[in-house]
Amino acid sequence: MDELMSKKMAGLLIFLLVGCLMHGTKCDNFKVSLPYNVQVMKGSCVTIPCSFDIKNEFEGLLTDTCAAKWVINLDAKDPGLTDTEPVTENLLKKDCTTTFNKMQPDHDKTYYFRLECPSKLKWTFSNNVVNIKVTDNPPLPTLTPSTLKVKEGAFVSLTCSAPAPCLSYSPTLTWTPRLGDIQETVQKNQDKTQFKTSILNFTASRLHH
Ligand SMILES: *[C@@H]1O[C@H](CO)[C@@H](O)[C@H](O)[C@H]1NC(C)=O
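Encoded structure:
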């Protein structure tokens, strides 16, 4: 095999490995996809984007009586986040996205996702973990550009972005003074965590110095 050919093969292999979970193709293996780090403010809620796949032979055992657990040990002896009223998305669709409420400092830990069905399908997924950081303050927004030199009459577009760790409560972004049109969007990072962006457009005048 020449070098180019083997490079192509390696690329294809990586594509298949990455592609099996991301695009919903069958992996025939136990795998979970999670963000590595998630930050949440004390007392607030946090949504962990999560999807998983299981070995083909267990497909029939995945029913709506299965439960999602978040544990801090592989042996699942220690239930992790049961006191946070967790709400899990559709496990039948292999969507284990979970929202936890009222996060407290003692929830600041590393968690495994565990699937527990009444049948023999019980599995702690170990290929990925999520580190939940509980902080005292809200995450800082970023403002771009932070400084700007423009001529009078120039078009100015300012962008403010802030993490939106919990889907049901996204941050409020306010411009003072409100100099022009404002556009808000919620976007996803590569790890599926979300952030909110607000864009303020206006025409610069001397008064805005
Ligand atoms: C602000 O300006 C940007 C860049 O030109 C444009 O894409 C966006 O639609 C504008 N938004 C508003 C609310 O005018």
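Letter by letter, the sequence shown follows residues -27 to -1, 1 to 182 of mature numbering (1 follows the signal peptide of the UniProt record, and there is no 0). Glycine included, C-beta positions come from ideal geometry on N, C-alpha and C. Please read all numbers here as calculations on a predicted model, not as lab measurements.
Worksheet item: Cα separation between Ser17 and Asp1?
Response: When rounded, the distance between both Cα atoms is 37 Å.
Discussion item. Going by C-alpha to C-alpha distance, which of Arg179, Pro8 and Glu32 sits closest to Ala127?
Written reply: Taking only the C-alpha atoms, the option nearest Ala127 is Arg179.
Worksheet item: Would the beta-carbon of Leu160 be found less than 8 Å away from any heavy atom of ligand 1?
Response: As written in the sequence, residue 160 is Gln, which differs from the Leu given in the question. Checking every heavy atom of ligand 1 against the Cβ of Gln160, none is found closer than 8 Å.
Fill in: Helix, strand or coil at Pro112 [DSSP, three-state]
Here Pro112 sits in coil by DSSP.
Worksheet item: Which whole-angstrom value is the C-beta distance of Leu35 and Asn101, which I expect to be below 8 Å?
Response: With 8 Å as the limit, Leu35 and Asn101 do not qualify as a contact, their Cβ atoms being about 19 Å apart.
Worksheet entry | Terminal residues of the beta strand (DSSP E) in which Asn46 lies | For Asn46, no beta strand (DSSP E) segment is defined, and its DSSP state is neither H nor E.
Worksheet item: How do the stretch 40 to 60 and the stretch 161 to 178 stand: do at least 3 beta-carbon pairs fall below 8 Å, yes or no?
Response: By the Cβ criterion, the stretch 40 to 60 is not in contact with the stretch 161 to 178, since fewer than three pairs of Cβ atoms, one from each stretch, lie closer than 8 Å.
Discussion item. Let me check one thing: in DSSP terms, what residues is Val103 bridge-paired to?
Written reply: Val103 pairs with Tyr84.
Worksheet item: With a cut-off of 8 Å, do at least 3 Cβ pairs link the stretch 76 to 90 to the stretch 26 to 46?
Response: Enough Cβ pairs lie closer than 8 Å, so yes.
Discussion item. Can you tell me whether Thr166 is buried or exposed? The criterion is at least 16 other CB atoms within 10 Å of its CB, across all chains shown.
Written reply: With 16 or more other Cβ atoms within 10 Å, it is buried.
Worksheet entry | Cβ-based neighbour list, His(-5), same chain, cut-off 6 Å, excluding 5 preceding and 5 following | Residue confidence for His(-5) is low, a pLDDT of 49 falling below 50, so the modelled location carries little weight and cannot support an answer.
Worksheet entry | Per-residue DSSP class, three states only, for Phe168 | In the three-state reduction of the DSSP assignment, Phe168 falls in the strand class.
Worksheet item: Between Asn74 and the rest of its own chain, which residues show a CB-CB distance below 6 Å, the 5 nearest in sequence each way excluded?
Response: Short of 6 Å from the beta carbon of Asn74, and not among the five residues preceding or following it, lie these beta carbons of its own chain, in chain order: Cys18, Thr57 and Glu58.
Discussion item. By DSSP's criteria, Ser24 is part of a beta bridge. Which residues make up the other side?
Written reply: Looking at the DSSP output, Ser24 shares a beta bridge with Ser6 and Asp68.
Practice prompt. Would you mind giving the Cβ-Cβ distance between Asp37 and Lys4, rounded to the nearest angstrom? I have them listed as a contact below 8 Å.
Written response: No, Asp37 and Lys4 are not in contact; Cβ-Cβ is about 21 Å, not under 8 Å.
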